[in-house]
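These notes are about the structure you will find just below.
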Amino acid sequence: MDEPGARLDPRLEPYRRRIGRLYDDHGAVGHLVTRVCTHWETVGPHSFPSYVNPEERLQWRVHFDDPDRADAFSDDGDQDTTVIRGRETDTWEDERLEIAGRSLRIEWLDGDDAAVAWRTNGW
């Protein structure tokens, strides 16, 4: 749902509520889940803050199938959407995720496959 005052960033469109299956050389290992959220700057006194300057921000999470392997999460507060390209998303375009020194293949899911995976692994 779009929040009042937030401007939609078209560069983030491919990553709004997306999910991909992750594979290594041996098979499926988890899911990459992405979403775009609006973040607000808090200004003013602590007792009566105001929330201003809405900005869309890409968040992503990796959920591994192996329960002993810790999930990974990114909500890069320093990320500037004007330079979103050139970070994680460049390898995503090549259907790869570089994480913890490993390269995993991403198979982006759509339709029923995406809906089922989102119910299990999404936000």
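The sequence shown begins at 1452 in my numbering and counts up one residue at a time.
Cβ coordinates follow ideal geometry from the N, Cα and C atoms, glycine included.
Asked: Alpha carbon of Tyr1502 to alpha carbon of Asp1475, nearest angstrom; Found: 42 angstroms
Asked: Touching by the beta-carbon criterion (3+ pairs, under 8 angstroms), the segment 1490–1504 and the segment 1464–1471; Found: no
Asked: For Asp1519: DSSP bridge partner residues; Found: Its beta-bridge partners do not exist; DSSP assigns none.
Asked: Option nearest Phe1524 by Cα separation, candidates Trp1511, Phe1515 and Asp1516; Found: Trp1511
Asked: Reference Pro1461; option with closest CA among Glu1506, Val1494 and Gly1552; Found: Glu1506
Asked: Boundaries of the beta strand (DSSP E) in which Ala1479 is found, first to last residue; Found: Gly1478 to Val1494
Asked: Beta-carbon contacts of Ala1479 that lie in its chain and below 8 angstroms, excluding the five residues immediately before and after; Found: Arg1472, Leu1473 and Asp1516
Asked: Distance CB(Arg1486)-CB(Leu1509) smaller than 9 angstroms; Found: yes
Asked: Outcome for Gly1481 when other beta-carbon atoms lying within 10 angstroms are tallied against a minimum of 16; Found: buried
Asked: Classification of Val1484 by the beta-carbon crowding that lies within 10 angstroms, buried from 16 upward; Found: buried
Asked: For Trp1569, the three-state DSSP class (helix, strand or coil); Found: helix
Asked: Residues bridged to Ser1554 [DSSP beta-bridge criterion]; Found: Glu1549
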